[in-house]
Every structure is written in C-alpha cells, then in structure tokens.
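**Student:** According to numbering that gives the first Met the number 0, the sequence shown is numbered sequentially starting from 0. Each residue gets a CB set at the ideal place from its N, CA and C atoms; glycine is no exception.
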Amino acid sequence: MKLNGKQNKVEEPQVAYKKAEEDLLRKALSSSYTERFHAMTRLMKLNMMLKSAKILHKKMD
C-alpha cells in the first residue's frame, strides 16, 4: 500500500485483486449445477426479503 502525497489517496496493488478475482471465477466454474441453483435461490429469497423491508426512523432525544 502506497500513499500518494499529491492527490492524498491510497493506491492498492492491483495484482492481488486480479488474482483473487481469478480464484473466485475458478471456484465458481468448478461448482456443480445443483450448487449454483441453491446459491441462486438463496439470492432470490434474500432479494425478496430486502424488497419488502421497511425502514423506520426513530427520533433520537
């Protein structure tokens, strides 16, 4: 990690992110269709739950 003095922002090494992304893709490709199906249904259930969620704001005293 390197701090850039001129623009005052942190620059992360891109190689680690690229390798992590490739590892995730390899893992996803090696999963069976049943595992993919179960993962997709979990995401769909979560999406339905979050769509129906209502956020209530409570006044702080």
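Methionine 61 by DSSP, collapsed to three states: which one?
**Tutor:** No information on residue 61 is available, as it lies outside the stretch 0 to 60 that the chain covers here.
**Student:** From which residue to which residue does the alpha helix (DSSP H) around lysine 50 run?
**Tutor:** As a working note, residue 50 is residue 51 in the sequence shown. Run containing lysine 50: 32 to 50, per the alpha helix (DSSP H) assignment.
**Student:** Can you give me the C-alpha to C-alpha distance between serine 31 and isoleucine 54, rounded to a whole angstrom?
**Tutor:** In the sequence shown, counting from the first residue as 1, residue 31 sits at position 32. In the sequence shown, counting from the first residue as 1, residue 54 sits at position 55. Taking the straight line joining both Cα atoms gives about 37 Å.
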